[in-house]
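Just so you know, the numbering used here puts the end of the sequence shown at 400, numbered straight through with nothing missing. Since the structure comes first, as structure tokens, the remarks are kept for the end.
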Amino acid sequence: MTAAVECGFGAVSSSEKEVTIERQPRAAYEDSFVPHATDLLRGIGLLLLPWAYAVAGPAAFLAAALSWGGQWALRYFASTRWRDALGQLVLLGATVFSALGAYALIEWLDLAVHGLLMGVVVGLLHGTLRTTGLMNGTSPGGAWWRFVILVALGALLAVLWEIGEWAGYRLLDPRIGVGYDDTMGDLLAGLAGSALAASGVFRTDRALRGAGRGENEPG
182 MTAAVECGFG AVSSSEKEVT IERQPRAAYE DSFVPHATDL LRGIGLLLLP WAYAVAGPAA
242 FLAAALSWGG QWALRYFAST RWRDALGQLV LLGATVFSAL GAYALIEWLD LAVHGLLMGV
302 VVGLLHGTLR TTGLMNGTSP GGAWWRFVIL VALGALLAVL WEIGEWAGYR LLDPRIGVGY
362 DDTMGDLLAG LAGSALAASG VFRTDRALRG AGRGENEPG
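If you want it as structure tokens, here you go:
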């Protein structure tokens, strides 16, 4: 007997011996481009590009450009539209705070934004890997293995971001914070955000497996 339970990430198939999550990605939007209300946020991201440059220079412009690219990636790889919208709001907030120098004024804000950003990035990575088939329910090790992979990727990206901050400090803007405390705090916040996002993926996978097994039990 085989049963299937559909969800935002795909379909869960169950049998007497095994339960697997088949790759059946669902886009949050139509295959062909159809404007939606969430695209207004992408429009705001575009307007922030020249604003960031005018207010804070080339380093802020590059950060805004990365955020805008992330907004478009969310449109194609976020599993739901509300996740797209929430992720965009985090990216837009990071752009504005960076350009206004808010991180230097509010000590805890930098850590909070780093944690939220890495949570968004890890969620986006998961959606991308699932959609492209590089990570699915048949991956070796199951949900725990996917958790470890996502946390490791998040940690790697957090390190690369700090390298980028250092390069920006050396080449573009000496106002960028690159001190020992700042770097370590950012890395720990990024790791925490990555772990929380990966935990959400882990819980979803386990819930889907439990639902598949429940469907297979006799009434």
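A virtual CB, placed ideally from N, CA and C, is assigned to each residue, including glycine. All values reported here derive from a predicted model rather than from experimental measurement.
Do the CB positions of glycine 308 and serine 248 come within less than 7 Å of each other? no
Straight-line CA distance for valine 332 to leucine 221?
31 Å
**Message:** My assumption, with CB atoms under 8 Å, is that phenylalanine 339 sits in contact with leucine 372. Please give the rounded CB distance.
**Reply:** According to the sequence displayed, residue 339 carries alanine and not phenylalanine. Yes, alanine 339 and leucine 372 are in contact; Cβ-Cβ is about 6 Å, under 8 Å.
**OP:** Count the C-beta pairs between the stretch 322-329 and the stretch 274-283 that are closer than 8 Å, then say yes if the count reaches three, no if not.
**Re:** no
Task: Closest by C-alpha distance to arginine 387, when choosing among Ala233, Ala370 and Ala324 - done: Ala324
>> Using a 10 Å radius around the Cβ and a threshold of 16 neighbouring Cβ atoms, would you call phenylalanine 214 buried or exposed?
In response: exposed
Between the alpha carbons of alanine 240 and methionine 316, how many angstroms are there, rounded? 34 Å
Worksheet item: So, are the CB atoms of aspartate 265 and alanine 218 less than 7 Å apart?
Response: no
Under the assumption that leucine 374 contacts glycine 282 (Cβ atoms under 8 Å), give the Cβ distance between them as a whole number of angstroms. It is worth fixing the name first, because residue 374 is glycine in this sequence and not leucine. No, glycine 374 and glycine 282 are not in contact; Cβ-Cβ is about 22 Å, not under 8 Å.
If we count the other Cβ atoms within 10 Å of its Cβ and call it buried at 16 or more, is arginine 384 buried or exposed?
exposed
Quick one: give me the first and last residue of the alpha helix (DSSP H) that arginine 223 is part of. 220-237
In chain order, what residues of the same chain lie with their CB nearer than 6 Å to the CB of glycine 251, ignoring the 5 residues before and after it?
Leu272
CB-CB under 7 Å to isoleucine 357, same chain, minus the five flanking residues each way: which ones, in chain order?
Ala240, Glu346, Gly349 and Tyr350
Contact with chain C by threonine 261, beta-carbon distance below 7 Å: The chain labelled as chain C is not found in the depicted structure, where only one protein chain is given.
In whole angstroms, what is the alpha-carbon distance linking glycine 226 and tyrosine 234?
13 Å
Take the Cβ of alanine 245 as the centre, count every other Cβ of all protein chains shown within 10 Å, and call the residue buried at 16 or more, exposed below.
buried
Near glycine 296, what residues of its chain come up, given a Cβ to Cβ distance below 6 Å and the 5 sequence neighbours on each side ignored?
-> Ala370, Ala373 and Gly374
What is the DSSP secondary structure of isoleucine 202, counted as helix, strand or coil?
Summary for isoleucine 202: the model assigns pLDDT 37, below 50, so the residue's position carries little reliability; its value from the coordinates is reported in the next sentence. If DSSP states are grouped into helix, strand and coil, isoleucine 202 belongs with the strands.
Aspartate 363 to glutamate 288 span [Cα, whole Å] = 10 Å
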